[in-house]
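Numbering (UniProt numbering), first residue to last: 1 to 201.
Ideal Cβ positions, reconstructed from N, Cα and C, are used throughout, including at glycine.
Here is the structure we will look at.
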């Protein structure tokens, strides 16, 4: 399993390297502007879980405040963020979805109405390797909620990957492919009441 994950990570690295060898470091203003104009997006994703296992699926984003992770079979997990709530549907649980406030999670930072990464103490680290710009962001008022590391390519600016570190220090990596921005996404995908009624683990 370890060799599989290392091989996968190397493959992603070389894909990103081939994208824009001379890309400049993006400013925090450029990244904030990109996220604020990103109203809808859909992408396939590969997720590296905190235990080292891999999951794949499709992520739907509808800003502000809405996100949905659909996992490919046989994984029946589902994650929906809507109305200030993040709900995790785990097929191993028979008590319904686990719910938490979205703004208490690092994902809330990129789903809020106005993203301002220039705010004091919001970005704790920023690096560039000539191909990608990586920033680490946190809620400056509540760093104990964890942080999110975002990886962007330039020309055009595009979000390619994020790593969420939660309040327990556990990390989950999401690597996106074939990001399609600006399309129409139905609000029904983010309806928690409907999801609870129809989800069948």
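According to DSSP, is residue 185 part of a helix, a strand, or is it coil? Of the three classes helix, strand and coil, the one that applies to residue 185 here is coil, per DSSP.
Can you tell which of 157, 76 and 170 has its C-alpha closest to the C-alpha of residue 147? 170
For the structure I just gave you, are there three or more beta carbon pairs, one from the region 43-56 and one from the region 65-77, closer than 8 Å? Touching, yes.
Measure the alpha-carbon distance for residue 131 versus residue 150 and round it to whole angstroms. Their backbone Cα atoms lie some 14 Å apart in a straight line.
Quick check: residue 106 and residue 164, are their CB atoms within less than 7 Å of each other? yes
Taking residue 172 as the reference, which of 145, 140 and 49 has the closest Cα? Closest in alpha carbon position to residue 172, among 145, 140 and 49, is 49.
Sequence ranges, alpha helix (DSSP H) only - wholly within the region 69-145, length at least 4: 108-111
Please report the distance separating the alpha-carbon of residue 201 from that of residue 81. 19 Å
Among 127, 126, 120 and 174, which residue has its Cα nearest to the Cα of residue 140? 120
So which of 92, 162 and 178 has the shortest CA-CA distance to residue 47? Of the candidates 92, 162 and 178, the one whose C-alpha sits nearest the C-alpha of residue 47 is 162.
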